[in-house]
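Number of protein chains: 2
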Amino acid sequence: MSQLPHDQKLDALLASAARVFAARGYHETSMRDLATETGTSLSGLYYYVKSKEELLFLIQDRNFAAVVASLREALEGVTDPVRQLETFIENHLEFFASHMPEMKVLSHEALALTGDFLALVNTRKHEYTRMLMDILARLEETNGPAHANRRVAAYALFGMMNWIYNWYDPLGDLDVRLLSQNMTRLFLGGYVGHPVAASALPHRTAG
Amino acid sequence: MSQLPHDQKLDALLASAARVFAARGYHETSMRDLATETGTSLSGLYYYVKSKEELLFLIQDRNFAAVVASLREALEGVTDPVRQLETFIENHLEFFASHMPEMKVLSHEALALTGDFLALVNTRKHEYTRMLMDILARLEETNGPAHANRRVAAYALFGMMNWIYNWYDPLGDLDVRLLSQNMTRLFLGGYVGHPVAASALPHRTAG
DNA sequence: GTTTCGGCTGAACGACCGTTCGAAATCCAT
DNA sequence: ATGGATTTCGAACGGTCGTTCAGCCGAAAC
Chain A
1 MSQLPHDQKL DALLASAARV FAARGYHETS MRDLATETGT SLSGLYYYVK SKEELLFLIQ
61 DRNFAAVVAS LREALEGVTD PVRQLETFIE NHLEFFASHM PEMKVLSHEA LALTGDFLAL
121 VNTRKHEYTR MLMDILARLE ETNGPAHANR RVAAYALFGM MNWIYNWYDP LGDLDVRLLS
181 QNMTRLFLGG YVGHPVAASA LPHRTAG
Chain B
1001 MSQLPHDQKL DALLASAARV FAARGYHETS MRDLATETGT SLSGLYYYVK SKEELLFLIQ
1061 DRNFAAVVAS LREALEGVTD PVRQLETFIE NHLEFFASHM PEMKVLSHEA LALTGDFLAL
1121 VNTRKHEYTR MLMDILARLE ETNGPAHANR RVAAYALFGM MNWIYNWYDP LGDLDVRLLS
1181 QNMTRLFLGG YVGHPVAASA LPHRTAG
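Protein sequences appear in the order of chains A and B. Note that this note's numbering has the first sequence beginning at 1, numbered continuously upward. Note that this note's numbering has the second sequence beginning at 1001, numbered continuously upward.
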């Protein structure tokens, strides 16, 4: 990664940092660790980034923006609330699974940011939560009263999705597609008792 | 907390540490912070604890043991799988809500332990997961085929329950009891399509 | 061939970290 | 009052941390 233009070197640095942060944790990782990992000098890192915290912020902010952008695109033209929810879950999990280190850092290192950095990421989180809750509201209009409080349901869904960084291996037996199907069924069935066609019940999907 | 016997002082120390770890994070908290918090000297802490990591381990291990003990007691005499699952969820959430700092530390600082400490806690986690999956297996026997992979369902449930440290306020509007009901309905409805009596649908439980 | 400049470096700064240790303080049985 | 055990303490240890800064390097511009 020696003679890449400036922006691409920053991208590579962020990717490396995300991997190390995800594996060892943000606070346990030193700038010296990152220098070793990226093959540059310690002080060289500061040419691309103002501080360690900005590094963490860039990882969180860029990836969050990417999730939301991907979601907006995926939702385009989708009007059925059930399909909207499916799309939301699928988009979230597919992005998560294909950006595991970054999304783990985003989910797990929420405490590590401070001040304006924290405020900015939290604003994004609120927007994203709002998007989900709007879908849930429309879902209730078309599919009848919900079986659970909307706010609890929203956070429960985020919980089951974000928790995957503790157990899910994107390269393992369980395909992301199946993971999405499973969680969609779990949530839809519980929230509005959405009927599941018997033919759409491939149990024993994976170990 | 000056003239308490040895064991009770250790308990108080663990409680204080759990609060600070939960609020600031394990690695961001220094032994000097804990000394200030507990009103003792820095070196005085080492009379009660061999190291900072042992402090973290004791918090995690003791509370995990307490959850499991409470669960075993609650499950005594309960034979219906649906009631067993309700009991599991209720026990987990009630203990979580009444030991928020400790359970946040247990859920969030899994990476911070190393070596034997880590292995011991992980063993406990496997046992606990096994207990849930056994209940799910019995549930499928009595209530028909599940709508989702059992392993995915188990981790999804842990996800929605453990995630509450990111948003739930035990002192807020939403009672733990209602939280449990909501999550039980969400999961049961999604996993086995467990019917929910219309009379048991108190929507708009809380904000 | 000299200047310019973005990219990078080694060395050092002060601050803070977890832990140790010998001694001081406190307690309690005698 | 006294002796020994328990509890607490101040001071210091070696080490690591994030960050800074003056200067070096190689290539493009003149």
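Yeah, the Cβ is synthetic: ideal placement off N, Cα and C, and Gly gets one too.
7 Å CB neighbourhood of residue i in its chain, flanking five on each side removed
i                 : result
Asp11 (chain A)   : none
Ala1197 (chain B) : In this predicted model, Ala1197 (chain B) has a pLDDT of only 43, less than 50, meaning its place in the structure is not dependable enough to derive any value.
Lys52 (chain A)   : Met31
Pro1005 (chain B) : none
Met133 (chain A)  : Arg150, Ala154
Leu1120 (chain B) : Asp1061
Tyr1128 (chain B) : Val1068
Cα-Cα separation between residue i and residue j, rounded to whole angstroms
i                 : j                 : result
Ala1110 (chain B) : Met1160 (chain B) : 17 Å
Thr1184 (chain B) : Leu1085 (chain B) : 8 Å
Asn1162 (chain B) : Phe158 (chain A)  : 11 Å
Leu1071 (chain B) : Asp1007 (chain B) : 25 Å
Phe57 (chain A)   : Asp1169 (chain B) : 26 Å
Val1078 (chain B) : Arg62 (chain A)   : 49 Å
Leu1171 (chain B) : Met131 (chain A)  : 27 Å
Gln1060 (chain B) : Tyr1155 (chain B) : 19 Å
Leu75 (chain A)   : Ala1069 (chain B) : 46 Å
Leu1016 (chain B) : Phe1064 (chain B) : Reading off the sequence, residue 1016 (chain B) comes out as Ser, not Leu. Their backbone Cα atoms lie some 17 Å apart in a straight line.
Ile1135 (chain B) : Trp167 (chain A)  : 20 Å
Tyr165 (chain A)  : His99 (chain A)   : 11 Å
Gly44 (chain A)   : Lys9 (chain A)    : 12 Å
Val49 (chain A)   : Leu14 (chain A)   : 10 Å
Gln1181 (chain B) : Gly39 (chain A)   : 53 Å
His1108 (chain B) : Leu55 (chain A)   : 22 Å
Thr114 (chain A)  : Thr1114 (chain B) : 27 Å
Ala153 (chain A)  : Leu1118 (chain B) : 32 Å
Ala1066 (chain B) : Arg1024 (chain B) : 24 Å
Glu73 (chain A)   : Arg1124 (chain B) : 43 Å
Residues near residue i in its chain [Cβ-Cβ closer than 6 Å; skip 5 each side]
i                 : result
Gly1190 (chain B) : none
Asp1116 (chain B) : none
Asn143 (chain A)  : Val192
Phe187 (chain A)  : Leu157
Phe1096 (chain B) : Met1103
Asp175 (chain A)  : none
Integer Cβ distance of residue i from residue j, believed to fall under 8 Å
i                 : j                 : result
Leu1106 (chain B) : Leu1179 (chain B) : In fact, because the Cβ distance is near 18 Å, the residues do not count as touching under 8 Å.
Ala18 (chain A)   : Pro101 (chain A)  : 4 Å
Ala112 (chain A)  : Tyr26 (chain A)   : 5 Å
Residue i, enclosing alpha helix (DSSP H) - first and last residue
i                 : result
His108 (chain A)  : 100-108
Asp169 (chain A)  : Element bounds for Asp169 (chain A): n/a, residue is neither H nor E.
Lys1125 (chain B) : 1115-1143
Leu111 (chain A)  : No alpha helix (DSSP H) holds Leu111 (chain A); DSSP gives it neither H nor E.
Thr38 (chain A)   : 31-38
Ala1074 (chain B) : 1052-1075
Val1176 (chain B) : 1176-1192
Ser16 (chain A)   : 6-24
Ala153 (chain A)  : 150-162
Ser1043 (chain B) : 1042-1045
Burial state of residue i, where buried means 16 or more other Cβ atoms lie within 10 Å
i                 : result
Pro1081 (chain B) : buried
Leu1042 (chain B) : exposed
Thr1036 (chain B) : exposed
His1126 (chain B) : exposed
Lys1104 (chain B) : buried
Glu141 (chain A)  : exposed
Tyr1090 (chain B) : The sequence as given places Glu at residue 1090 (chain B); Tyr does not occur at that position. It counts as buried.
Arg177 (chain A)  : exposed
Asn149 (chain A)  : buried
Thr87 (chain A)   : buried
Asn122 (chain A)  : exposed
Ala22 (chain A)   : buried
Close Cβ partners of residue i (< 8 Å) along its chain, the five nearest in sequence each way excluded
i                 : result
Arg1138 (chain B) : Pro1081, Gln1084
Val20 (chain A)   : Thr29, Asp33, Leu34, Glu37
His147 (chain A)  : Gly190, Tyr191, Val192, Gly193
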